[in-house]
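Chains A and B, in that order, are what the protein sequence lines are. Those letters in the first sequence? Residues 1404 to 1851, per the numbering used here, in order. Those letters in the second sequence? Residues 6 to 372, per the numbering used here, in order. Virtual Cβ for every residue (Gly too), placed ideally from N, Cα, C. The structure presented is a predicted model; accordingly, all values stated were derived computationally and were not measured. Worksheet for the structure shown next.
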Amino acid sequence: MSAAALAADHGIDVALLDEQAAPGGQIYRAMESVSDQRADLLGDEYKHGRKIVSAFRDSTVDYLTNSQVWSLNSKREIGLLQEGKAHIISADQVLLANGAMERPVPFPGWTLPGIMNAGAGQILLKSHGIVPDDGVVLAGSGPLLLLLAWQYMHVGVKIKALIDLTPMRNHLRALPRLPRAILAGHYLIKGLVYKKDLKQAGISTLHNVSDLRAEGDERLASVSFRIKGRQRIIETDLLLIHFGLIPNAHLSRAAGCQYDWHRSQQCWRPQLDDWGRSSIDGILIAGDGAGIGGARTAEHAGRLAALQATHALGLIGQDERDRLARDDRKWMREELHIRPFLESFFHIPRKLLGVPDDDTIVCRCEEVTAGDIRKAVADGHSDSNQVKFLTRCGMGPCQGRQCAEAVAHIVAAAGGEKVAKGGHYRGRPPVTPLTLGQLAGLYPGEKK
Amino acid sequence: MKSADVLIIGGGLMGFSTALQLAMRGTRCIVLEKDSPGRHASGVNAGGLRQLNRHPAEIPLSVAASEMWHNIAGLVDSDCDTRFPGQIRVAENSADMLILEDRAAMVRALGFEHEEVIGAEELYRLVPALIPHCKGGLISRNDGYGRPFHALNAFRRKACSLGAEFRPSTRVDELEYNAGEWSASTPNGVFRAPLLVNCAGAWAGRIAAAIGDTAPVKPAAPMLMITERLPRFMEPVIGATSRKLSFKQMQNGTVLIGGAHMAELDFVHQTTDMNWAKLAVSARTVMTLFPQLENVRIVRTWAGIEAFMPDGLPVIDTSNASPNAYHAFGFSAHGFQLSPVVGKIMSQLILDGQTDLPIEAFSIARF
């Protein structure tokens, strides 16, 4: 929204393609329809979105809602699906602001019905005020887990357990990065307040937990784990999990943008310059899709990319671009102070990412297990794509969304290599499924 | 520095099939591959095992290859996930039917019996899901399909178990012939052997030039798409008579659709962009034959880089420039089925100086 509004204000013909029916994305979801009461609960950070949404609404941006982008190629041709009809459009400059997705981490039983991502829990809370009515177990590692627990507590959801799989050694790992984080101290304070409030409400966090398993026959019945050397079981029919965020990269990968492994964020990030320019001419990426930086960072990065696009289209000169970028650059730097600390503090242990039991399903669509993947590696297939060809891992309807990262970690661990070496699935369009009928609708007619 | 009897450039099906046949006869070979095994055409093609509608020059090879595919486990210890439900070219109208009858007569005149005209009744017995108005078809009952990457790996494993050596990520940068020996310089060192085989697929033109031969190889990337899994509705592989289509329901229920439409290829970076307008032609063709598939989801499209020759026929020959070099490339998107027999032919050319199959049409001197 920030990028679109700024570019439009400079006189560029801008279309914003949004999968959703209303503006706000994931963070500011339902901003225009949310009740005051729920907005208060979601907090000041959420309410900040009002300014962004209203500036966006006041702009001349052509806002296309319910618009699914199913393809992007290196020539900036975009496959679009609206009201069940496919179209191909193109643009001189394309900015991808796809945001983040939750990092999928396979653990025993993670595919049982009754297990959801914490982010999905938050979407239901934000859009419809839907919350679990029979209690919930939260498990994983990352700030969102704490935030959701705090929000649930406020609406009276029974939290049976808050299971923190962050290893104690991360505290030491993060210590050297604390001084810089104090420069963005308000985030730290917020975290501490959440913790204090939860404790006062009698919700204690189980720290330093390992060996998480979800158990049940047809659906989730209980969660088991190890804490202080002892095995514990908690009965629950709902488990919300969260293992941090990674860039949502399906579209940029389908276009062929180059990616590099980022050790601290434990994910691939697109190769970008200071303006968000990707390895493909005219394709820019901003926000969490460029690397996890949070909502405020996304806003600044969006504006920087919009300035670059405006410059590339000849509407402003280089000096003006640089001048207009100054404040956003400064604020963005300040926003990012907290990140290295968070990344170390919530560093996911290699054991959790790369060495699930042989029986653990990694690819839900094709039911490929970690053992199948290790067998393929032992047979000499040392990268993700070869493992995919051989095992069909990642070839189902989700197109590898749920398994790509895990496969890369497992392949690397099995081969004793770094994750970067094992690589990532090549992106294969359509990014979201398209029906044969919809594709046939693009038929240009008989050639004379 | 490593040396062997034969250097094979290209770790695709042709390279491994050649390595396998040579290894079976005790010849030591090294297979040099610039990427990973079967990275391009060999690993990601449509997997058709088709004798149907071959160019007359290819028919004897294709018939011999078909026999080998039907006993493939005996050769490579794996059935390569093969199925043989037949392949059919459908006649959508009476004009199509005449084309198919002429074709069948031509094949019979050459002395082959595998292409057979069937009427509407037999067609609908075999493919009840087909739209009702078709007139008949041309069938090759022993045809079918396999899983290319599985086949590739089966050939690779078997060849290596018999002593062939495989070097992935080993691009040949320079080739030299000196004192009775080829030396291939690669980032992983120099490899030497008295004999050289060019199985480099879309990159074979460059290798041919380094040997001293002329081969106008044109790289191109035919697009394929695959749907979600569906309940079984069809056994044979279906093609059309006067429209481009290859259509089959795979072992796992997904439907693979090809139509020989090309993606836009960046050969230098080895990347492709789909051409949706052309894929839409394939989708439309499918829908006119199987309208019930309208709401079926396409989950993936891709395009492997293949070697095309101007006349659509491969090069299978001894080099024109050197008696110690050989070529097998340029299969123009229909090499998968031929691969077992090509390995056999190459081993005969190399070890016996001749082959019992007719390969005159595939000479390198024709360019």
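With a threshold of 8 Å between beta-carbons, can B/T246 be considered close to chain A, or not? For the purposes of this step, residue 246 of chain B is identified with residue 241 of the second sequence, where counting begins at 1. Not one beta carbon of chain A lies nearer than 8 Å to the beta carbon of B/T246.
Determine the burial state of A/H1589: buried for a count of at least 16 other Cβ atoms within 10 Å of its Cβ, exposed for fewer. Here the question's residue 1589 of chain A lines up with position 186 in the first sequence. Looking at its Cβ environment, which holds fewer than 16 other Cβ atoms inside 10 Å, A/H1589 is exposed.
How close, in whole Å, do the beta carbons of B/C204 and B/T23 come, if the pair is a contact with beta carbons under 8 Å? Translated into the one-based positions of the second sequence, residue 204 of chain B becomes position 199. Translated into the one-based positions of the second sequence, residue 23 of chain B becomes position 18. Indeed they touch by this definition, with Cβ atoms about 6 Å apart.
Would you say A/R1831 reaches chain B, if we count a Cβ-Cβ gap shorter than 8 Å as a contact? Against the first sequence, residue 1831 of chain A aligns to sequence position 428. Taking Cβ atoms only, chain B reaches closer than 8 Å to A/R1831, which makes this a yes.
Looking at C-beta atoms only, is the number of pairs between the region 1593 to 1607 of chain A and the region 1547 to 1554 of chain A that lie closer than 8 Å three or more? In short, these stretches touch, since the Cβ pair count reaches three.
With DSSP as the reference, label A/K1851 as helix, strand or coil. In the first sequence, counting from the first residue as 1, residue 1851 of chain A sits at position 448. Bear in mind that the predicted position of A/K1851 carries a pLDDT of just 41, short of 50, making it unreliable; the figure below should be weighed with that in mind. Assigned with DSSP and collapsed to three states, A/K1851 falls in coil, not helix or strand.
B/E127 in three-state terms, based on DSSP: In the second sequence, residue 127 of chain B corresponds to position 122, counting from 1. Of the three classes helix, strand and coil, the one that applies to B/E127 here is helix, per DSSP.
Is there a Cβ from chain B that is less than 8 Å from the Cβ of A/Q1674? Within the first sequence, numbered from 1, the residue matching residue 1674 of chain A stands at position 271. False, the Cβ-Cβ gap to chain B never drops below 8 Å.
Here's the rule: buried if 16 or more other CB atoms are within 10 angstroms of the residue's CB, otherwise exposed. What is B/E126? Along the second sequence, one-based indexing puts residue 126 of chain B at 121. Counting Cβ neighbours within 10 Å, B/E126 comes out exposed, since fewer than 16 surround it.
Min CB distance A/I1491 to chain B below 8 Å: Along the first sequence, read from residue 1 onward, the residue named residue 1491 of chain A stands at position 88. At least one CB atom of chain B sits nearer than 8 Å to the CB of A/I1491.
Using 8 Å as the threshold, is the C-beta distance between A/I1695 and A/N1520 below it? Position 292 of the first sequence, counting from 1, holds the residue named residue 1695 of chain A. Position 117 of the first sequence, counting from 1, holds the residue named residue 1520 of chain A. With contacts defined as CB atoms closer than 8 Å, A/I1695 and A/N1520 fail to qualify as a contacting pair.
Could you check where the alpha helix (DSSP H) with A/R1583 kicks off and where it finishes? Taking the first residue of the first sequence as position 1, residue 1583 of chain A is located at position 180. First-last of the alpha helix (DSSP H) with A/R1583: 1581 to 1585.
Taking 8 Å as the CB-CB limit, is B/F341 close to chain A? Position 336 of the second sequence holds residue 341 of chain B. Not one chain A Cβ lies under 8 Å of B/F341.
Kindly confirm or deny that the region 314 to 323 of chain B and the region 114 to 125 of chain B touch, where touching means at least three C-beta pairs closer than 8 Å. Proximity of the region 314 to 323 of chain B to the region 114 to 125 of chain B falls short of the contact definition, fewer than three beta-carbon pairs being nearer than 8 Å.
Quick check: what's the CA-CA separation for A/I1764 versus A/R1732? By one-based count along the first sequence, residue 1764 of chain A stands at place 361. By one-based count along the first sequence, residue 1732 of chain A stands at place 329. For A/I1764 and A/R1732, the distance between alpha carbons rounds to 43 Å.
So which residues of chain B does A/T1838 contact, with C-beta pairs closer than 8 Å? As a working note, residue 1838 of chain A is residue 435 in the first sequence. Within chain B, the residues placing a beta-carbon under 8 Å from that of A/T1838 are E299, N300, V301, R302, I303, ordered along the chain.
Listed by chain order, chain A residues near B/M292 by CB distance under 7 Å: Residue mapping note: residue 292 of chain B aligns to position 287 of the second sequence, counting from 1. Here the neighbours are L1839, G1840, A1843.
By Cβ distance below 6 Å, which residues in the same chain neighbour B/K223 in space, the five residues on each side in sequence not counted? Here residue 223 of chain B corresponds to residue number 218 of the second sequence, with the count starting at 1. The residues are F313.
Sheet register partners of A/Q1471 (DSSP bridge): Position 68 of the first sequence, counting from 1, holds the residue named residue 1471 of chain A. DSSP output for A/Q1471 lists A/L1484 as bridge partner(s).
Can you name, in chain order, every residue of its own chain whose Cβ lies under 7 Å from the Cβ of A/T1514, other than the five neighbours on each side? Within the first sequence, residue 1514 of chain A is the residue found at index 111, counting from 1. I1764, R1767.
Enclosing alpha helix (DSSP H) for A/A1815 [first to last residue]: Within the first sequence, residue 1815 of chain A is the residue found at index 412, counting from 1. Membership of A/A1815 in the alpha helix (DSSP H) is indicated by the continuous run 1807 to 1818.
Could you check whether the Cβ of B/E233 sits closer than 8 Å to any Cβ belonging to chain A? The residue given as residue 233 of chain B occupies position 228 in the second sequence. It does: the Cβ of B/E233 has a partner Cβ on chain A nearer than 8 Å.
Among the residues of its own chain, which have a CB less than 6 Å from the CB of B/H155, if the five just before and after it don't count? Locating residue 155 of chain B in the second sequence gives position 150, where the first residue counts as 1. Closer than 6 Å at the Cβ level, and outside the excluded window around B/H155, lie C85, D86.
Coil, strand or helix - B/T306 by DSSP: Reading the second sequence from its first residue, position 301 is the one you call residue 306 of chain B. Strand.
Please confirm if A/G1349 has its CB atom under 8 Å from at least one CB of chain B. Given that chain A is displayed from residue 1404 to residue 1851, the structure contains no residue 1349 of chain A and the question cannot be resolved.
Please check if any C-beta of chain B sits within less than 8 Å of the C-beta of A/K1851. As a first step, residue 1851 of chain A must be located in the first sequence, where it is residue number 448. Unreliable placement is indicated for A/K1851, whose pLDDT of 41 sits below 50; no coordinate value is reported for it.
Pairwise C-alpha distance: B/D218 and B/A326: Taking the second sequence and counting its residues from 1, the one referred to as residue 326 of chain B is at position 321. Taking the second sequence and counting its residues from 1, the one referred to as residue 218 of chain B is at position 213. Whole-angstrom Cα-Cα distance: 6 Å.
In chain A, which residues lie with their C-beta within 8 Å of the C-beta of B/M279? In the second sequence, residue 279 of chain B corresponds to position 274, counting from 1. Here the neighbours are S1474, N1476, P1832.
7 Å CB neighbourhood of B/W307 in its chain, flanking five on each side removed: Looking up residue 307 of chain B in the second sequence gives position 302. In its chain, beyond the 5 residues on either side, V49, L229 have a beta carbon closer than 7 Å to the beta carbon of B/W307.
Mapping DSSP to helix, strand and coil, what is B/W187? In the second sequence, the residue the question calls residue 187 of chain B occupies position 182. The answer is strand: DSSP assigns B/W187 an E or B state.
Answer with buried or exposed for B/H448, where buried requires no fewer than 16 other C-beta atoms within 10 angstroms of its C-beta. Residue 448 of chain B is absent from the model: chain B starts at 6 and stops at 372.
Could you list the residues in the region 1799 to 1810 of chain A with a C-beta less than 9 Å from some C-beta on chain B, going in chain order? Taking 9 Å as the Cβ-Cβ cut-off against chain B, the residues of the region 1799 to 1810 of chain A that qualify are G1799, P1800, C1801, Q1802.
Label A/K1851 either buried or exposed according to how many other C-beta atoms from any shown protein chain fall within 10 Å of its C-beta, with 16 as the threshold for buried. In the first sequence, counting from the first residue as 1, residue 1851 of chain A sits at position 448. Summary for A/K1851: the model assigns pLDDT 41, below 50, so the residue's position carries little reliability, and this model does not support an answer.
Who are the Cβ neighbours of A/A1587 in its own chain at under 6 Å, not counting the five residues just before and after it? Taking the first residue of the first sequence as position 1, residue 1587 of chain A is located at position 184. Result list for A/A1587: H1740, I1741, in chain order.
Would you kindly check if the distance between the Cβ of B/L105 and the Cβ of B/R94 is under 8 Å? Sequence index remark: in the second sequence, residue 94 of chain B carries index 89 (1-based). Sequence index remark: in the second sequence, residue 105 of chain B carries index 100 (1-based). Taking 8 Å as the cut-off, the Cβ atoms of B/R94 and B/L105 count as close.
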